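Engineer: Structure below; questions to follow.
Numbering (the working numbering), first residue to last: 126 to 508.
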């Protein structure tokens, strides 16, 4: 009986020791050494703490056509996002094969530890740019234009130190068929979601509140906006800086074969002589202007072997239509169908068909060139 008892006690001890022994276990120090050697701190963050958690787990992981025994150990660290002060606690696992060979660090979970102050709100100018640029303006023959946009509310927050902005705004949109002169003016309460990651900005907009459910849905003017009545789709063009730019650019293009370089053409002044009425059918109006322009004329005259290559200055009167393109450009432009006049009260019945301006414009300089030009024109008249 005594022998049996003495034999039984050591057997029990042997069984217990096998249960707690793990010949494949990796030490805490080795796990931390392997983890740190294969861990890289993300840019813009600062490590606050790192510690061994353990919690070993065994599992089978596929390698090729077979599943291999693996063991994982947890490591915890806290990162500070320096741009916004956000602190995040991460749990990673260090993976090992059965023979204790290190494989890789694998993300497991994270937890936000604080709530930093919200980012600075976007300025109205930047909001306007982002929202206007992302607003869907229609398709096919249906065109629309933002008439006004007013920001009503802006909420800023962080997503892992990337700023996010929820924007509520009131927008008025003029929309209708491109061939119609009057379009419907709509007013919508709309929303935009703006996120910034580095220099990249993403904008989700065209969201309206459904009047029945209160949910944010894709905006449809007729369903989610108020109609404010018909408005002219064409913006009036009065003489001023915009009109002057249109004529300066257009005059050079039509007289220089499409080129507007300084060596070919430079309109130094332009003033209105007579303003015409707007034609609603053609979306055009005619303006008669007086301008002074400089052109580089090469070999304009040849006589007795002489060649005249001068930067020549002319003073001209012209009448040309400007048109409003609703369908595409949505702005006023110069129409390349011009007639030229010799004087302000004359009929514009001389059609421009070349870059030679001598027959319809007054030559202002250089004097020798103007003189030769007059002689050449008189010779042509005598023929």
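Each residue gets a CB set at the ideal place from its N, CA and C atoms; glycine is no exception.
These figures come from a predicted structure and were not determined experimentally.
Can you name the residues that DSSP bridges to residue 94?
Structural biologist: The chain is shown from 126 up to 508; residue 94 falls before or after that span and cannot be answered.
Engineer: If you drop the 5 nearest sequence neighbours on each side, which residues of the same chain put their C-beta closer than 6 angstroms to that of residue 479?
Structural biologist: Because residue 479 sits at a pLDDT of 46, beneath the cut-off of 50, its placement in the model cannot be relied upon, and the following sentence gives the value as read from the coordinates. Closer than 6 angstroms at the Cβ level, and outside the excluded window around residue 479, lies no residue.
Engineer: Where does residue 274 sit, in a helix, a strand or coil, going by DSSP?
Structural biologist: Correct three-state label for residue 274: strand.
Engineer: Report back the beta-carbon spacing between residue 207 and residue 171 to the nearest angstrom; my notes put them in contact at under 8 angstroms.
Structural biologist: The pair is a contact, with the Cβ atoms about 6 angstroms apart (cut-off 8 angstroms).
Engineer: Classify residue 204: buried if its beta carbon has 16 or more other beta carbons within 10 angstroms, exposed otherwise.
Structural biologist: Residue 204 should be labelled buried.
Engineer: In angstroms with no decimal places, state the Cα-to-Cα distance between residue 188 and residue 224.
Structural biologist: Going from the Cα of residue 188 to the Cα of residue 224 covers about 15 angstroms.
Engineer: When DSSP labels each residue in this structure, what does residue 221 get in the three-state scheme?
Structural biologist: Residue state, collapsed to three classes: strand.
Engineer: At the level of alpha carbons, what is the spacing between residue 492 and residue 366?
Structural biologist: Approximately 32 angstroms, taken between the alpha carbons.
Engineer: What's the gap between the Cα of residue 487 and the Cα of residue 440?
Structural biologist: Whole-angstrom Cα-Cα distance: 5 angstroms.
Engineer: Looking at the structure shown, is residue 391 part of a helix, part of a strand, or coil, going by DSSP?
Structural biologist: If DSSP states are grouped into helix, strand and coil, residue 391 belongs with the strands.
Engineer: Please name the residue, chosen from 234, 276, 322, 174, that lies closest to residue 254 on a Cα-to-Cα basis.
Structural biologist: It is 276.
Engineer: Take residue 489 and list the residues in its own chain whose beta-carbon comes closer than 6 angstroms to its own, dropping the five residues that flank it on each side.
Structural biologist: Contacts found: 438, 440.
Engineer: Determine, using beta carbons only, whether residue 444 and residue 410 come nearer to each other than 8 angstroms.
Structural biologist: No.
Engineer: Taking one C-beta from the region 413-422 and one from the region 339-357 each time, how about it: are there three or more such pairs within less than 8 angstroms?
Structural biologist: They do not touch, by the three-pair rule.
Engineer: Taking C-alpha atoms, which residue in 161, 236, 158, 151 lies nearest to residue 180?
Structural biologist: The option with the nearest alpha carbon to residue 180 is 151.
Engineer: Out of 309, 217, 404, 335, state which residue places its alpha-carbon closest to the alpha-carbon of residue 231.
Structural biologist: When only C-alpha atoms are compared, the closest one is 217.
Engineer: Would you say residue 235 and residue 213 are within 8 angstroms of each other, going by their C-beta atoms?
Structural biologist: Cβ atoms of residue 235 and residue 213: closer than 8 angstroms.
Engineer: Residue 167 lies in the beta strand (DSSP E); which residues open and close that run?
Structural biologist: Looking at the DSSP string, residue 167 is not in any beta strand (DSSP E), and its letter there is neither H nor E.
Engineer: Using 8 angstroms as the threshold, is the region 391-408 in touch with the region 364-378, meaning 3 or more CB pairs across them?
Structural biologist: Output reads yes: the region 364-378 touches the region 391-408.
Engineer: Of the residues 240, 263, 273, 258, which one's Cα is nearest the Cα of residue 282?
Structural biologist: Among 240, 263, 273, 258, the Cα nearest to that of residue 282 belongs to 240.
Engineer: With distances taken from CA atoms, which of 314, 233, 221 is nearest residue 292?
Structural biologist: Out of 314, 233, 221, 314 has the C-alpha closest to the C-alpha of residue 292.
Engineer: Please return the same chain residues whose Cβ sits closer than 8 angstroms to the Cβ of residue 306, not counting the five positions on each side in sequence.
Structural biologist: Excluding sequence neighbours, residue 306 sits near 357, 358, 359, 405, 408.
Engineer: Could you please give the first and the last residue of the uninterrupted alpha helix (DSSP H) stretch that includes residue 258?
Structural biologist: From DSSP, the alpha helix (DSSP H) with residue 258 extends over 249-259.
Engineer: Could you give the distance in angstroms between the alpha-carbon of residue 184 and the alpha-carbon of residue 190?
Structural biologist: One C-alpha to the other measures close to 16 angstroms.
Engineer: Here's a check: name, in chain order, each residue in its chain whose Cβ is nearer than 6 angstroms to the Cβ of residue 436, leaving out the five neighbours to either side.
Structural biologist: Excluding sequence neighbours, residue 436 sits near 419, 421.
Engineer: Which two residues bound the contiguous alpha helix (DSSP H) that contains residue 380?
Structural biologist: Counting along the chain, the alpha helix (DSSP H) containing residue 380 begins and ends at 366-380.
Engineer: Under a three-way DSSP split, which group does residue 345 fall into?
Structural biologist: Coil.
Engineer: Can you give me the C-alpha to C-alpha distance between residue 228 and residue 245, rounded to a whole angstrom?
Structural biologist: The straight-line gap from Cα to Cα measures roughly 43 angstroms.
Engineer: By the three-class DSSP mapping on this structure, what secondary structure does residue 335 have?
Structural biologist: Of the three classes helix, strand and coil, the one that applies to residue 335 here is coil, per DSSP.
Engineer: Skipping 5 residues on each side, what residues in its chain have a beta carbon closer than 7 angstroms to that of residue 309?
Structural biologist: Taken in chain order, the residues that qualify are 300, 301, 352, 355.
Engineer: Could you give the DSSP three-state label for residue 397: helix, strand or coil?
Structural biologist: Looking at residue 397 - three-state DSSP - the assignment turns out to be strand.
Engineer: With residue 288 as the anchor, note down where its beta strand (DSSP E) starts and where it stops.
Structural biologist: From DSSP, the beta strand (DSSP E) with residue 288 extends over 287-302.
Engineer: Tell me which same chain residues have a C-beta within less than 7 angstroms of the C-beta of residue 295, skipping the five on either side of it?
Structural biologist: Answer for residue 295: 275, 277, 312, 314, listed in chain order.
Engineer: Taking C-beta to C-beta, are residue 197 and residue 167 nearer than 8 angstroms?
Structural biologist: Not closer than 8 angstroms, so no.
Engineer: Could you please give the first and the last residue of the uninterrupted beta strand (DSSP E) stretch that includes residue 194?
Structural biologist: Note, residue 194: beta strand (DSSP E), 191-206.
Engineer: Which of the three DSSP states, helix, strand or coil, is assigned to residue 475?
Structural biologist: In the structure shown, residue 475 sits in a strand (DSSP, three-state: E or B).
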